[in-house]
Structure formats: C-alpha cells, structure tokens
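To keep things clear, I will list the structure first and then write my remarks on it.
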Amino acid sequence: MKKILRFCVLVIILIFYCKQSFGFQVAQTFQFPLENYYVPCNDVGTKDECVKNDKWHLGEDASAKSGVTVYSIGNGVVKHAGDHPLKYDSSGNIIRNYGGMYIIEHVLPTGEKVCSLFAHMDFKSFTKKTGEEVGKSEALGVIGNYNQNGGWSEHLHSGVKKGAYPDKPNEYICGDWIFSGYTACYEVLNNWYEPTTFIQDHSSPAYASYNFDNRDSQGWTNGNDTEVYPTGAGEEGMWQVHITGTNPGIVSPVYNDGMLAEFTKVRFKVRATGNDNSVTGYLWFLDETGSWNNRAEIGLVDTSEEFKVYEVDLNYSWAESNTRQVKQISLELTDGGNGSDEFWALDWLEIVSTDPGFSAAISDQGVYPPEALVANTISSNRIDLIWEGSSSSYKVYRSTGVDSSVAVLIAAVSEENYSDTGLSQQTQYNYWVKAVSGVEASDFSNMASTITSPSDSYDP
Numbered sequence: 443m444k445k446i447l448r449f450c451v452l453v454i455i456l457i458f459y460c461k462q463s464f465g466f467q468v469a470q471t472f473q474f475p476l477e478n479y480y481v482p483c484n485d486v487g488t489k490d491e492c493v494k495n496d497k498w499h500l501g502e503d504a505s506a507k508s509g510v511t512v513y514s515i516g517n518g519v520v521k522h523a524g525d526h527p528l529k530y531d532s533s534g535n536i537i538r539n540y541g542g543m544y545i546i547e548h549v550l551p552t553g554e555k556v557c558s559l560f561a562h563m564d565f566k567s568f569t570k571k572t573g574e575e576v577g578k579s580e581a582l583g584v585i586g587n588y589n590q591n592g593g594w595s596e597h598l599h600s601g602v603k604k605g606a607y608p609d610k611p612n613e614y615i616c617g618d619w620i621f622s623g624y625t626a627c628y629e630v631l632n633n634w635y636e637p638t639t640f641i642q643d644h645s646s647p648a649y650a651s652y653n654f655d656n657r658d659s660q661g662w663t664n665g666n667d668t669e670v671y672p673t674g675a676g677e678e679g680m681w682q683v684h685i686t687g688t689n690p691g692i693v694s695p696v697y698n699d700g701m702l703a704e705f706t707k708v709r710f711k712v713r714a715t716g717n718d719n720s721v722t723g724y725l726w727f728l729d730e731t732g733s734w735n736n737r738a739e740i741g742l743v744d745t746s747e748e749f750k751v752y753e754v755d756l757n758y759s760w761a762e763s764n765t766r767q768v769k770q771i772s773l774e775l776t777d778g779g780n781g782s783d784e785f786w787a788l789d790w791l792e793i794v795s796t797d798p799g800f801s802a803a804i805s806d807q808g809v810y811p812p813e814a815l816v817a818n819t820i821s822s823n824r825i826d827l828i829w830e831g832s833s834s835s836y837k838v839y840r841s842t843g844v845d846s847s848v849a850v851l852i853a854a855v856s857e858e859n860y861s862d863t864g865l866s867q868q869t870q871y872n873y874w875v876k877a878v879s880g881v882e883a884s885d886f887s888n889m890a891s892t893i894t895s896p897s898d899s900y901d902p
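Residues in the sequence shown are numbered consecutively from 443, following this note's numbering.
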C-alpha cells in the first residue's frame, strides 16, 4: 500500500513538473498579436505627441480595423478577461476606456514572468476566460468598435508588463491603475517592456521590421547590408524607398559592385496608413549608366485595405546580348500631392532572379504565403481547395458565413490541395492557407470563398 501511495505521489509530482516545464505556462517564443502589426504613432513613452495628454504611454497602439483578429503572443495563462466599457465622471471626463481587455501571464524559459495586455477589443468575441490556458497564436477575439476604443479611432492597445500577475491587481501608482495605459510618473515606464522590441528579442528567428512613415529619415539595414530608407522626391506627398545592394553576399558572381539585373520579378507587401487618400506609384530601376529605366506601374493601394502583396513581373532581360547591372531599385508611392498627414508602410520586399548566385530580400518573414488559392464546391458537404506554393507543409484556415474576421485552423497538410468535408449545405465558407517551415509560418494567402450546394446534389 505504501509503495502504491509513493508511486501516486511521484506521478503527481512528475505531472506538476512537466506542466510547469513544458505546458502552456512556458513561452519559448513570441509573435505579434496582429497579422499586420503597425504602430503609426503612439508607442511606449509617448507623451502629448499623439493624444495630447500630459501622461506617458505604457504600451503600443497598433493600427487595426474593427473585427480584425487578435492572437496570443505566446503560451500563457489568462489572468484577466473582462469588459471595461467607456465611463465618464461627473465633469464629463473619461475615467475608463479599455473596452474588452486581456491580461495574460507568461513564463519565459529563464523563469522570468511577464504579463501581456490587450485592450480595446470586443468583449463579446472573447474566446478565453480568466484562469484558462492559452497557446501562442491562438485567436483571442477581435478589435472592438469606436466606443470600445475609448472614443478614438479603432486600434489595439498592447503592453508587456514586467513581472508576474500581482496578488493585488487593483492597486494604483501615481493615481493610475497599475495596468493603465498611461502614467503620470516617468519612472513607471521602467515596469514595462516595449512590445515590439520584446517580441523581436524573444522570437526565433528574430523579426526584422521595415515599417515606417513618410516623416521618418532613419535607415534600416538587413542581413545583407542592403539599405532601406525613405527620402523626399522633391514633390509634396511623394516619397521613395531606395533599396541599394552593396554587400558581396547579394551580388552575382559576374559583378562585384552592385545588384545584378536579369531578375524576373519583384514582390513586396505594402499598405496605405493615412486617413484620407489612397496611394499609387511606380517601381523604378537604375542601371549602370545612371539612368532610371523600366518603370513599372503599381496599382492602387487603398486606405481601406490591409497590407497587400504586389508582384511586378519583368519577363525580359535588360539588353539583347548582355545582362545589365542594376545599381538601385526605387519603390515610389504618392497620394497625389496631399501628403502632409499621409503614410504608407513597407512590410517586406524580395527580388527574384534567374541567377542562382543572386539573393536580395527586405523582409520580416522567411516563409512566403501560398498564392492563387481557389475553393471549388463539390457537393452539399464538400469543398476542394487548391493553391500554389513551394513549402513542404501548410495550415488551412476557415471561417463560416459572410463574416470572415475570425479564421479557425482546420487542417495541416503536406500537399497544395485539401478536401474539406462534413460541411453544411448552402453555406458560405471562406478559406486561407499559410505555408509552414519549421516553427515559422507565412502570412495568410488570398481568401477563397464558395457556397456548398443544396442537399439534392450528388454527394460522393
């Protein structure tokens, strides 16, 4: 009997140890909470610049529309999942404006604990309750509406607070709740990480972000020393990004002082982030003669769209007999001359070459999304999917009905096709696919939608 008791105690200890060491509580890596995470202005430490108050901001306000899905940044436990509706004091001042709010505690491999915070969500969309475990990349719900955003334009407030979830979570510092989005005391900033930096530092491989607006003159450098910088084009409202190759690691074996042409396509992902005007533009190529040639027109980038992938197919060589050297590529976008408050952001860019010795990419992702996803209705309960891709593994996501804001993972496959069965008749289904390589996943593919047939159709 004692042996059995000892064995049971040992099993309980082992289960507890494994839970602590390998369960959701341990967050090995982190990801961004939105598919397209862009912070146009109000980041950690901002004071007065964006919202015109006299306090310091303790998180990042990521631009996103109502209904956009929010994901858990890492494995953890939900410590708070509640609704904090807009509330005013007797003088008409806002005293609460978080809307739907999560606080999730994460344990890092080092044993350090942090709490991620997400606010301005639609509480009715919450998928998790207080006390429940959550995995990295699990959908938590969606961005809320105007009122759930505190009367501001729709966005996600995200924060990463240092330390474990406190025993007394309702305490105040300098007159503000310890999980408030602002503080009147500068030293309180030391209690918070900058979410973007924290996620980048705890990702594998690390992210490299090249998002910027047209007021920024800072340059970035990718792993191949390819410089990316915005610069004025001499005309109000028009700004350029120049991608200049200088490192031998991205040069053809034939040339040693610049980027080689003979590439077949340029792919990039961009969005307009202003409030008023859409942007259009061109992709230019500077050859070794110093002339800008071969301008390729870029279609409309509308402010109502999320990040959009564009692909420019060249399908020609630079000369009939000799391949020319390209010294510079210029991505030029304009909003028509009224650019004082307009923004655009480049998420990634890659150059595809027929020369196996050439490689150049400005990118925050190592896996590229599948393309040309098509959904075909086969019967009242079956839809077949087919897409183009070069990965050995894919994840298939689905939503039902006209609401396509929440995509649920339904399958992991190794081929560029999938049959979805057991569906309801005469129902619209929406699909997306991600390419997977190791622990990394691409962005979503295009969405493909179709409606299942009535029940009197032949079901195979």
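For each residue, glycine too, the CB sits at the ideal point set by N, CA and C. Quantities reported herein were computed from a predicted structural model and do not represent experimental measurements.
If you draw a straight line from the Cα of ILE585 to the Cα of ALA504, it is about 11 angstroms long. According to DSSP, residue pairing for ASN872 in a beta bridge involves SER841, SER891. A distance below 7 angstroms between beta-carbons, with the five flanking residues on each side excluded, links LEU865 to the following residues of its chain, in chain order: ASN823, ARG824, ILE825, TYR871, THR894. With a cut-off of 8 angstroms on Cβ pairs, the segment 808-818 is in contact with the segment 828-844, counting three or more such pairs. Rounded to the nearest angstrom, the gap between the Cα atoms of GLY509 and LEU631 is 30 angstroms. For the set SER879, VAL468, ALA890, the Cα lying nearest the Cα of VAL556 is the one of VAL468. The criterion of a C-beta distance shorter than 8 angstroms is not satisfied by SER558 and VAL520. By the CB criterion at 8 angstroms, ALA523 and PHE472 fall outside the cutoff. Boundaries cannot be given for ASP564, as no alpha helix (DSSP H) includes it and DSSP labels it neither H nor E. Here TYR530 carries a strand assignment [DSSP, helix/strand/coil]. The C-beta separation of TYR544 from LEU582 comes to about 6 angstroms, placing the pair in contact by the 8 angstroms criterion. Note on geometry: alpha-carbon atoms of SER861 and THR892 lie some 13 angstroms from one another. When DSSP states are grouped into helix, strand and coil, ASN539 belongs to the coil group. In the three-state DSSP reduction, TYR628 falls in the helix class (H, G or I).
In terms of Cβ geometry, ASN517 and GLY605 do not form a close pair [threshold 8 angstroms].
The Cβ-Cβ distance between PRO475 and SER645 does not fall below 8 angstroms. Following the DSSP letters along the chain, one finds ASP643 inside the alpha helix (DSSP H) bounded by residues 637-643. When secondary structure is reduced to three states using DSSP, ASN859 falls in the strand class. Of the other Cβ atoms in all chains shown, 16 or more fall within 10 Å of the Cβ of GLU502; this residue is therefore buried.
The DSSP-derived three-state label of ASN633 is helix. Counting along the chain, LEU815 sits inside the beta strand (DSSP E) bounded by residues 813-819. Sixteen is the threshold: since fewer than 16 other Cβ atoms of the shown chains lie within 10 Å of the Cβ of ASP496, the residue is exposed. Straight across, the Cα-Cα distance linking PRO608 with GLU857 is about 47 angstroms.
Every beta strand (DSSP E) of 3 residues or more that sits fully in the segment 546-585 is shown, in chain order, as 555-563, 581-584. Within the same chain, ASP826, LEU827, ILE828, TRP829 come within 8 angstroms of ASN859 by CB-CB distance, once the 5 residues on both sides are set aside.
Just measuring C-alpha positions, the residue of HIS526, TYR873, ILE620 sitting nearest ASN818 is TYR873.
THR638 places its beta carbon less than 8 angstroms from that of VAL481. Minimum Cα-Cα distance from ASP618 among the listed residues VAL816, VAL875, TRP498 corresponds to TRP498.
Beta-bridge annotation (DSSP): ALA469 is not paired with any residue. For the set ASN888, SER821, SER879, the Cα lying nearest the Cα of TYR839 is the one of ASN888. A direct Cα-Cα distance of roughly 48 angstroms separates PRO551 from SER533. With a cutoff of 8 angstroms on beta-carbon distance, ASN591 and GLY542 are scored as not near each other. Between ILE515 and ILE641 the beta-carbon gap is near 6 angstroms, inside 8 angstroms, which marks them as a contact.
Within the same chain, GLN473, TYR513, SER514 come within 7 angstroms of SER579 by CB-CB distance, once the 5 residues on both sides are set aside. In the DSSP secondary-structure assignment, LYS604 is bridged to VAL556.
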